[in-house]
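Down below is the structure, laid out as structure tokens.
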Amino acid sequence: MSLEEPAAWLDLVRSHAEVRRLVRALSLSQRFHLYLIVCSGPRVARATASVLRELLATARGATVTLRHLPRDPDDPSPEERLTRESATERVLRPLTTPDEAGAAHGVVHVVDATGSVPDDAWAWCFQRLNERRNVIAQRLHGELVLCVTPAQETQLAAIAPDLWSIRSGTFMVDVEAPLVAASAPWPTWRHIDRDRSEPDAEAERRRAEEELVQARAWAAGSPDDAGRKESVAIWLERLGTALEAEGRSNEAAAALSEAGALIEGVLAAAPERRELRHYLVALRLLMVDLATVQGRLDDAQHMLIEQVLPAVDDLGDGRARASALLQLADVFIARGQLEEALTLLEQESIPAFERLGDARSHAAAMGRVADIYEMTGQADEALRIRREVELPVYQQLGDDLARASTMGRIADSELSQGRLESAREILEREVLPANERLGHHEGIAFASWRLGEVLLRQNRPAEALPLVERAFDLLQRLGHAQGLAAVGREYIALLEQTGDADRAAAVRAAIEAHARRLGLA
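Numbering-wise, our numbering puts 503 at position 496 of the sequence shown, and it's gapless, one number per residue.
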């Protein structure tokens, strides 16, 4: 199915000064021009394309045809990863040999390179466009609009200098996500195989550190012994999960990565050991969890597509495949690629969990569908899934953490529809106390933030400030990139509103430093 972008996204792009400038340039164009749009993400690119036809038709006083390459955003089929062969058929050929309709004046060709992770196929495509720039300019009547990410803009300038030189303008469209139900998704247990209990993270970390010292000493006595390497890997994994719970995400990533490398080494000498192959998949799923929370979405997607999915297919593990695809849907949701996420959920994960009789995982996947409905303005359907599908399962299983997370999302729905007292009551009486009782710091942070949002909408900034501050401090300690950026914007605005400019500057600097550490800035 096709998901329309929420009105809030379209309004932000429609009013963007650079989009207006692009429309003026296109409306005055009488021949071939190449325009570059540098977008802050694929969702921004889709929203820009959606409003471009409307604004340009008004400016020109006539209907405007947009041809989207490599695929139209209304195409219901799942997006395929671009290859050299598909790039030739879906990008190069339509531009160099346009059909009669494509050659007519008034057709604007839009090439969207933001929907896939920048890879060799796009680099190859940029090089071929560079070689054929004169053919494209001669045969393509009308304008060519190329949507790229900031990284792709740099790549394009380096590997396609001649194409770069004929561009008629570059437009930077860098909008921030609007508040649609919530500015960042409510936290979930991203890896559904993980134990629901939360031991004292500090005590668990200390024990893992002590055991790891002993395991390393034991392994040093016989460096080639597979069993000793496995022992070190197991304690590295335990240390990594404890460090993540403490918010020491960079150290956690290093521990998990070392554990994975050790298991890979053992498997290189003994590839027949299926139990270790399963263990390596579980390790990589933990690493995907961490990368997703940190905002390293390229890394998470690469691990899932290039490492985890081939491994589970080789093992014939249907449940692990369904779990991996659920995590891939999480990555797509974080990128704003909602159609791709919905396709994975409805066609892959949900049917697989139904066949397996896995009620908890099925409920978790349905919760992601509800998230997508919430983001696209279908709040009533999202609320129905939460109340009729998710909650009964978690209540039956006695899963208090999952129930608290679902109630938090229900509070989001109430908040998005302006039912402030209802949202406040759910957060104060159920969500925040449950997360505090369970010691779930991520849930505490999000519940505090949402409660602060309610109080802000009730014009009670003094009461909201300590809640937002608590949320920011917890998310900073946990290394939650998406939540930190969203809460940080609200925290800075509150501090500036109360006249604390120095603290606002310090918070802004902390967010930027965190992004640099993760390679996101």
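Just so it is clear, CB atoms sit at the ideal spot from N, CA and C, and this is done for glycine as well.
For a minimum of 3 consecutive residues, which ranges assigned as the beta strand (DSSP E) are wholly contained in the region 248-316? none
Is residue 149 near residue 114, with beta carbons less than 9 Å apart? yes
Is the region 219-232 close to the region 254-261, with three or more CB pairs under 8 Å? no
Below 8 Å, can you find three or more Cβ-Cβ pairs linking the region 304-314 to the region 328-346? yes
By the DSSP assignment, the alpha helix (DSSP H) with residue 350 in it spans what residues? 345-351
Quick test of your reading: residue 329 and residue 360, contact by CB under 8 Å. State the CB separation rounded to the nearest angstrom. 6 Å
Hey, how far is the Cα of residue 501 from the Cα of residue 466? 12 Å
Tell me, which residues are paired with residue 119 by DSSP? 154
In this structure, does DSSP put residue 510 in helix, strand or coil? helix
So residue 175 is in the beta strand (DSSP E); what residue range does that whole segment cover? 174-180
Nearest-angstrom Cα distance between residue 100 and residue 325? 38 Å
Burial state of residue 212, where buried means 16 or more other Cβ atoms lie within 10 Å: buried
Looking only at its own chain, which residues have a Cβ that is under 7 Å from the Cβ of residue 515, when we skip the five neighbours before and after it? 499
For residue 426, the three-state DSSP class (helix, strand or coil): coil
For residue 66 versus residue 41, is the C-beta spacing smaller than 9 Å? no
For residue 496 and residue 503, I'd like the C-alpha separation in whole angstroms. 11 Å
For the alpha helix (DSSP H) that residue 71 lies in, which residues bound it at each end? It is not in any alpha helix (DSSP H) - residue 71 carries neither H nor E in the DSSP assignment.
Where residue 7 falls: helix, strand or coil (DSSP): Outside the displayed range of the chain (8 to 528) lies residue 7, so it cannot be described from this structure.
Simplified DSSP state of residue 147, which is helix, strand or coil: coil
Supposed close pair residue 104, residue 143 - CB separation, criterion 8 Å: 10 Å between Cβ atoms; not a contact.
Buried versus exposed call for residue 343 [16 or more other C-beta atoms within 10 Å across all chains shown]: buried
Cβ neighbour criterion (16 or more within 10 Å) applied to residue 220: exposed
Which listed residue (459, 269, 421 and 475) has its alpha carbon closest to that of residue 291: 269
For residue 449, count neighbouring C-beta atoms within 10 Å of its own C-beta (all shown protein chains included) and say buried if the count is 16 or more, exposed if not. buried
Among the residues of its own chain, which have a CB less than 6 Å from the CB of residue 36, if the five just before and after it don't count? 150
From the DSSP output, read off the bridge partner residues of residue 332. BP columns for residue 332 are empty, so no partner.
Between residue 432 and residue 453, what straight-line distance do the alpha-carbon atoms span, to the nearest angstrom? 15 Å
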